[in-house]
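Participant: In the order they appear, the protein sequences are chains A and B.
Position one of the first sequence corresponds to residue 1 (this note's numbering), numbered consecutively onward.
Position one of the second sequence corresponds to residue 1 (this note's numbering), numbered consecutively onward.
Ideal Cβ positions, reconstructed from N, Cα and C, are used throughout, including at glycine.
There are 2 protein chains.
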Amino acid sequence: MKVTKDQIVAAARQLFREKGYAGASMQDLASLVGLRKASLYMRFPNKEALVPEVLALTLRETFPDAQLMAGPWQVAYEAAIGGIAANLSTGKRCVGLHLAYGVGDDTPVAKEAVREFFQSLRTFLSDILTGGMPREIADTVAADALIRLEGATLLIAVFDDTETMQRTARAVIKDATEAARAAR
Amino acid sequence: MKVTKDQIVAAARQLFREKGYAGASMQDLASLVGLRKASLYMRFPNKEALVPEVLALTLRETFPDAQLMAGPWQVAYEAAIGGIAANLSTGKRCVGLHLAYGVGDDTPVAKEAVREFFQSLRTFLSDILTGGMPREIADTVAADALIRLEGATLLIAVFDDTETMQRTARAVIKDATEAARAAR
DNA sequence: CATAAATACTACCGATCGGTCGTTTGTAAA
DNA sequence: TTTACAAACGACCGATCGGTAGTATTTATG
Numbered sequence: 001m002k003v004t005k006d007q008i009v010a011a012a013r014q015l016f017r018e019k020g021y022a023g024a025s026m027q028d029l030a031s032l033v034g035l036r037k038a039s040l041y042m043r044f045p046n047k048e049a050l051v052p053e054v055l056a057l058t059l060r061e062t063f064p065d066a067q068l069m070a071g072p073w074q075v076a077y078e079a080a081i082g083g084i085a086a087n088l089s090t091g092k093r094c095v096g097l098h099l100a101y102g103v104g105d106d107t108p109v110a111k112e113a114v115r116e117f118f119q120s121l122r123t124f125l126s127d128i129l130t131g132g133m134p135r136e137i138a139d140t141v142a143a144d145a146l147i148r149l150e151g152a153t154l155l156i157a158v159f160d161d162t163e164t165m166q167r168t169a170r171a172v173i174k175d176a177t178e179a180a181r182a183a184r
Numbered sequence: 001m002k003v004t005k006d007q008i009v010a011a012a013r014q015l016f017r018e019k020g021y022a023g024a025s026m027q028d029l030a031s032l033v034g035l036r037k038a039s040l041y042m043r044f045p046n047k048e049a050l051v052p053e054v055l056a057l058t059l060r061e062t063f064p065d066a067q068l069m070a071g072p073w074q075v076a077y078e079a080a081i082g083g084i085a086a087n088l089s090t091g092k093r094c095v096g097l098h099l100a101y102g103v104g105d106d107t108p109v110a111k112e113a114v115r116e117f118f119q120s121l122r123t124f125l126s127d128i129l130t131g132g133m134p135r136e137i138a139d140t141v142a143a144d145a146l147i148r149l150e151g152a153t154l155l156i157a158v159f160d161d162t163e164t165m166q167r168t169a170r171a172v173i174k175d176a177t178e179a180a181r182a183a184r
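1) With 8 Å as the threshold, decide whether the Cβ of A:I147 is near any Cβ in chain B.
2) From the DSSP output, in three-state form, read off B:S89 for me.
3) Sort A:S89, A:F63, A:S31 by Cα distance to A:I156 and report the nearest one.
4) Closest to B:L50 by CA distance: which of B:V103, B:D160, B:G34, B:G71 is it?
5) Starting from the beta carbon of B:F118, find every residue of chain A whose beta carbon is closer than 9 Å, and list them in chain order.
6) Looking at C-alpha atoms only, which residue of B:Q7, B:Q74, B:R115, B:P72 is the closest neighbour of B:L57?
7) The stretch 19–38 of chain A: which residues have C-beta closer than 9 Å to a C-beta of chain B, in chain order?
8) Let me know the secondary structure DSSP gives B:V236 once reduced to three states.
9) Strictly below 7 Å CB to CB, what residues from chain A border B:A143?
10) Excluding five sequence neighbours on each side, which residues of the same chain lie with their C-beta closer than 6 Å to the C-beta of A:S126?
11) What is the residue span of the alpha helix (DSSP H) that A:V103 lies within?
12) By the 10 Å Cβ neighbour count, where 16 or more other Cβ atoms means buried, how is B:M42 classified, buried or exposed?
13) Between which residues of its own chain and A:T164 is the CB-CB distance below 7 Å, once the five residues before and five after are set aside?
14) Leaving aside the five residues before and after B:G20 along the sequence, list all residues of the same chain whose C-beta is less than 8 Å from its C-beta, in chain order.
15) Quick one: what does DSSP say A:G34 is sitting in, helix, strand or coil?
16) Could you check which residue in B:R93, B:K37, B:K47 has the C-alpha nearest to that of B:D161?
17) For a cutoff of 8 Å on Cβ pairs, would you count A:V95 as touching chain B?
18) Quick one: grab the DSSP three-state call for A:S39.
19) Do we get a CB-CB distance below 8 Å when we pair A:E150 with the residues of chain B?
20) Strictly under 8 Å for the Cβ-Cβ distance: is A:G104 near chain B by that measure?
21) Have a look at B:F124, B:V9, B:K174 and flag the residue whose alpha-carbon is nearest the alpha-carbon of B:N46.
22) Using the rule of at least 16 other Cβ atoms within 10 Å of the residue's Cβ for burial, across every protein chain shown, is A:D144 buried or exposed?
23) Check the Cβ of A:V51 against every Cβ in chain B and list those closer than 7 Å, keeping chain order.
24) Smallest Cα separation from B:D65: which of B:S31, B:G83, B:R170, B:R167?
25) Rounded to the nearest angstrom, how far is the Cβ of A:L15 from that of A:D28, given a contact under 8 Å?
26) Classify A:E178 as buried or exposed, calling it buried when 16 or more other Cβ atoms lie within 10 Å of its own Cβ.
27) Work out the CA separation of B:E116 and B:V109 for me, nearest whole Å.
28) In its own chain, which residues sit with a C-beta less than 7 Å from the C-beta of B:R13, not counting the 5 before and 5 after it?
29) Here's the rule I'm using: 16 or more other beta-carbon atoms within 10 Å means buried, otherwise exposed. How should B:G23 be labelled?
30) Which residues in chain A sit within 8 Å of B:R115, going by Cβ to Cβ distance?
31) Apart from the five residues just before and just after A:A11, which ones in its own chain have a Cβ nearer than 7 Å to its Cβ?
32) Answer with yes or no whether the minimum CB distance from A:Y101 to chain B is below 8 Å.
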């Protein structure tokens with residue numbers, strides 16, 4: 001087993017990120033990992049099965065240690081936002097967003113995986129924020145942070161503008177501290 | 001000529017919005033407008049040529065009258081943001097964002113059209129904001145507004161959450177007024 | 001080294017992709 | 001009614017799509 005499953009999933013993520021679900025072909029993936037197309041079906045029953053794996057890997061990488069939530073919420077939140085922003089900046093796009101836009105009702109497994117992915121992101125951020133504000137406010141602050149970071153990938157994709165992502169990361173952190181102060 | 005060019009472009013926009021550039025086929029488009037695939041090539045030289053037309057139509061629809069910029073900038077800005085938010089809410093997704101993520105270097109005409117589309121949106125918003133703040137600040141406020149509205153489409157696509165879009169529209173308008181007050 | 005199980009391979013399937021061909025049809029001017 | 005032109009058509013092209021069948025090759029185990 002020269003090529004590991006994680007290598008294939010990581011390559012699939014790159015393709016989904018750059019070309020979307022429909023635009024990325026199994027042949028592309030095979031070439032990228034140095035295998036033949038048929039060999040991919042040893043590890044994955046079909047193309048759609050790649051999506052949950054890709055998103056699970058991304059989630060795992062984005063939050064390397066959930067231990068961070070032990071400390072003060074401000075530190076945890078700053079680390080979480082920074083992690084997401086860094087991930088989006090290095091990848092230049094968000095796989096989740098590309099898949100969210102790209103998968104339809106004909107791929108229900110993929111669609112559900114996308115839901116779970118963003119639901120996880122939301123609740124992860126919201127859980128941190130509850131350390132400094134009531135749940136209801138935390139939910140909206142988390143959602144706002146998420147969509148701003150995701151939206152910032154647009155300017156990276158179109159104008160190669162990475163500055164806005166950094167500014168956005170700082171802005172959402174500031175918003176959180178202000179929301180906490182207002183809720184106190 | 002029973003089917004007008006604008007009808008085809010509008011149908012193409014719907015397909016690009018829902019399925020992306022790679023996911024939307026000329027056969028889909030033909031079926032949607034009630035023509036045969038070959039007939040589409042009477043009006044458009046190839047698939048890529050649809051992209052500039054789609055984005056131009058969207059831009060035209062988003063800002064029906066540039067006359068709005070004549071009045072006070074707050075009114076114009078609120079109308080502009082409201083127009084964008086309404087457009088994104090009814091379409092459930094942003095064609096521009098889907099295309100920005102979807103088109104690659106193999107379709108340079110489409111890629112350039114996407115650039116121009118978002119550049120137009122940016123400068124349009126920024127131009128309005130210069131009525132109440134210096135250009136430099138207006139640019140960042142406009143960019144921030146744009147990415148927040150675009151990012152809000154994610155929650156519509158994934159969770160069918162239209163509430164966040166409305167909240168975001170109000171938030172970016174408030175941000176603009178505060179930026180103007182701070183710059184005064 | 002022999003053997004059995006993974007793993008990767010070649011070759012192929014029907015379907016669909018973007019796009020082109022020559023032909024038929026609708027329509028408006030003469 | 002004839003003529004002429006654009007619009008729509010059916011049929012087809014090579015390429016690629018996701019996926020499968022059967023075979024060769026590697027790898028771990030005895």
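Facilitator: Let me spell this out:
1) With 8 Å as the cut-off, A:I147 counts as an interface residue toward chain B.
2) B:S89: helix per DSSP, three-state reduction.
3) The shortest Cα separation from A:I156 among A:S89, A:F63, A:S31 belongs to A:S89.
4) Sorting B:V103, B:D160, B:G34, B:G71 by C-alpha distance to the C-alpha of B:L50 places B:V103 at the top.
5) Within 9 Å of the CB of B:F118, the CB atoms of chain A belong to L154, L155, V158, F159, in sequence order along the chain.
6) For B:L57, the closest C-alpha among the options B:Q7, B:Q74, B:R115, B:P72 is that of B:Q7.
7) For the stretch 19–38 of chain A, which is checked against every Cβ of chain B, the residues closer than 9 Å are K19, G20, Y21, A22, G23, A24.
8) Residue 236 of chain B is absent from the model: chain B starts at 1 and stops at 184.
9) Within 7 Å Cβ-Cβ: L155, T164.
10) Closer than 6 Å at Cβ, skipping near neighbours: A138, D139, A142.
11) A:V103 -> no alpha helix (DSSP H), and no H or E assigned at all.
12) It counts as exposed.
13) Excluding residues within five positions, the ones whose Cβ falls inside 7 Å are A152, L155.
14) Within the same chain, and ignoring the five residues on either side of B:G20 in sequence, the residues whose Cβ sits closer than 8 Å to its Cβ are H98, L99, Y101, G102.
15) Per DSSP, reduced to three states, the secondary structure at A:G34 is coil, with no helix or strand assignment.
16) Taking only the C-alpha atoms, the option nearest B:D161 is B:R93.
17) Closer than 8 Å: no.
18) Residue state, collapsed to three classes: helix.
19) So yes, A:E150 belongs to the interface.
20) For A:G104, at least one C-beta of chain B is nearer than 8 Å to its own C-beta.
21) Just measuring C-alpha positions, the residue of B:F124, B:V9, B:K174 sitting nearest B:N46 is B:V9.
22) Around the beta carbon of A:D144, 16 or more other beta carbons sit within 10 angstroms, so the residue counts as buried.
23) Within chain B, no residue comes near A:V51; the closest Cβ sits about 13 Å away, beyond 7 Å.
24) Closest by alpha carbon: B:G83.
25) The beta-carbon distance between A:L15 and A:D28, rounded to whole angstroms, is 6 Å. This is short enough to meet the 8 Å contact definition.
26) By the C-beta density criterion, A:E178 is exposed, having fewer than 16 other C-beta atoms within 10 angstroms.
27) For the pair B:V109 and B:E116, the Cα-to-Cα distance works out to about 11 Å.
28) V54, L57, T58, V95, listed in sequence order.
29) Under this definition B:G23 is a buried residue.
30) Neighbours of B:R115 on chain A, chain order: V158, F159.
31) Around A:A11: L29, L32, V33.
32) At least one chain B Cβ lies under 8 Å of A:Y101.
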